[in-house]
Structure formats: structure tokens, C-alpha cells
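Numbering (our numbering), first residue to last: 508 to 737.
Shown next, in the form of C-alpha cells:
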């Protein structure tokens with residue numbers, strides 16, 4: 508798949524193809540800014556319509572063959588009835604905390620968020636499909652309670668940042684750590700020091716190295732950027 512330069516016969520990125528005039532403006536804008544009309548592929552894991560590129564980005568490359576493979580989830584949502592999904596997508600919930608603070612999102616999105624473990628999601632979906640709408644408000648209350656508890660517990664654990672203490676809640680909301688790590692911290696299965704050694708966390712807390720200067724290869728002479736400018 509992809510766009511091939513007809514002159515040099517190699518693949519080119521989408522934005523490059525557009526800039527080189529390989530695509531007209533209408534086609535270029537359609538591919539660069541996909542609408543529902545161009546999302547003709549389907550992700551069975553999330554029930555979303557996607558463009559081919561978006562679906563490809565969710566694949567992993569098989570190390571033996573080099574082929575792109577879409578991993579099918581064992582998440583209970585994968586086996587949920589279409590009618591149930593449509594109903595849960597139509598139920599909107601407004602939250603005033605956590606990642607969704609100030610947003611109105613569907614109950615389906617909340618059930619598929621990192622706040623809800625697969626086992627709890629399975630339990631709640633089974634409750635809905637067995638009792639239908641009678642327990643819908645109870646499911647909403649349960650989901651909100653889980654989010655509130657997660658946020659409360661995450662505030663109690665902190666890390667040393669560059670200028671101030673950073674809570675596990677901040678790391679979770681910034682998607683630096685996931686729910687599994689957050690739960691392990693809350694349950695004492697892992698420590699703050701152990702989490703700090705994770706590359707992504709370390710980079711977030713301590714930053715990364717910057718360009719320190721220049722080197723003149725012929726003389727193997729190193730100097731600061733300020734010295735090089737003088």
C-alpha cells in the first residue's frame with residue numbers, strides 16, 4: 508500500500524506526495540484530513556471506522572515475515588452485541604475529574620478507558636445484557652466511582668520532578684504510566700523507585716540531554732555552542 512513516485516518508483520510519504528503534486532488538492536486534503544467518507548476500514552477491537560493508514564498504525568510488524576498484523580483483542584468488548592454497543596454509545600456522561608475532566612463522553616468510551624479493567628468491563632457488560640436498561644444508572648455510578656477512587660489513590664503517591672513533586676495521578680493523566688502500573692503502585696506490588704527507572708517515566712521526570720556543543724572532526728576539538736559562535 509501507499510503512494511509510489513511514478514518517476515523514481517519508490518514509496519513517498521503522504522505529505523511529500525501532496526507537496527510534489529502527485530495528488531490534486533481535493534485528494535490531498537481528503538487523505539491528509541480524513542473524514543468519515545474516507546474511513547472505509549474497520550477495527551474489530553474498538554468497533555471504529557478508520558482509514559487504511561490509521562488501521563496500519565495499530566498493527567505490529569511480525570519479526571519473521573516483516574508483515575503487518577492486526578492483533579485481535581481478548582477484551583470482552585470485542586464480543587459485545589452490536590445493540591448493546593449502540594445503546595452505550597448513546598448514553599453521555601459529563602465528568603469533573605480525571606482524564607475526562609470537563610468533557611462529555613459516552614458510557615461506551617468510559618468502559619473502554621484505562622480506568623476500567625477487562626474483568627470489571629466484562630462484569631458490567633454482562634450485567635447490562637442480562638438486566639438491560641434497568642441497571643444502566645447503576646453501571647454509570649459504578650464507573651464514576653472507579654474513576655474517583657483511582658484519582659484519589661493516585662494523588663497519594665508522588666515522584667520528584669525537575670522543580671516539584673509530581674503525583675502518580677499526573678503521570679497517569681499524561682499517559683506516562685498506564686492503569687496497570689498505577690494499580691501496582693496502589694497495591695504495593697511495585698515501588699516509586701522501580702517505576703522511576705522506566706525509560707518513559709525517567710524522561711518525563713528528569714528530561715533528556717540537550718545538544719551540549721560542537722566537535723570539529725578534523726582536529727577532534729570540542730567547544731560549546733557559545734564558543735563556536737564567537
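Ideal Cβ positions, reconstructed from N, Cα and C, are used throughout, including at glycine.
Quantities reported herein were computed from a predicted structural model and do not represent experimental measurements.
One or two residues paired with residue i in a DSSP bridge
i: residue 730; result: 721
i: residue 672; result: 667
i: residue 510; result: 519
Environment of residue i [buried if 16+ CB atoms lie within 10 Å]
i: residue 549; result: exposed
i: residue 511; result: exposed
i: residue 699; result: exposed
i: residue 587; result: buried
i: residue 605; result: buried
i: residue 704; result: exposed
i: residue 710; result: exposed
i: residue 524; result: buried
i: residue 610; result: exposed
i: residue 567; result: exposed
i: residue 595; result: buried
i: residue 614; result: buried
i: residue 574; result: exposed
Delimiting residues of the alpha helix (DSSP H) encompassing residue i
i: residue 678; result: 675-680
i: residue 521; result: 521-526
i: residue 703; result: 699-703
i: residue 707; result: 706-713
i: residue 690; result: 686-693
For residue i, the first and last residue of its enclosing beta strand (DSSP E)
i: residue 550; result: 548-550
i: residue 557; result: 555-557
Residue i and residue j closer than 8 Å at C-beta
i: residue 643; j: residue 598; result: yes
i: residue 661; j: residue 681; result: no
i: residue 650; j: residue 689; result: no
i: residue 647; j: residue 635; result: no
i: residue 732; j: residue 714; result: no
i: residue 708; j: residue 723; result: no
i: residue 562; j: residue 569; result: no
i: residue 676; j: residue 658; result: yes
i: residue 631; j: residue 668; result: no
i: residue 686; j: residue 621; result: yes
Taking only runs of the beta strand (DSSP E) that begin and end inside the stretch 565-644, which ones reach a length of at least 3 residues, in chain order? Fully enclosed beta strand (DSSP E) runs of 3 or longer: 599-601 and 611-613.
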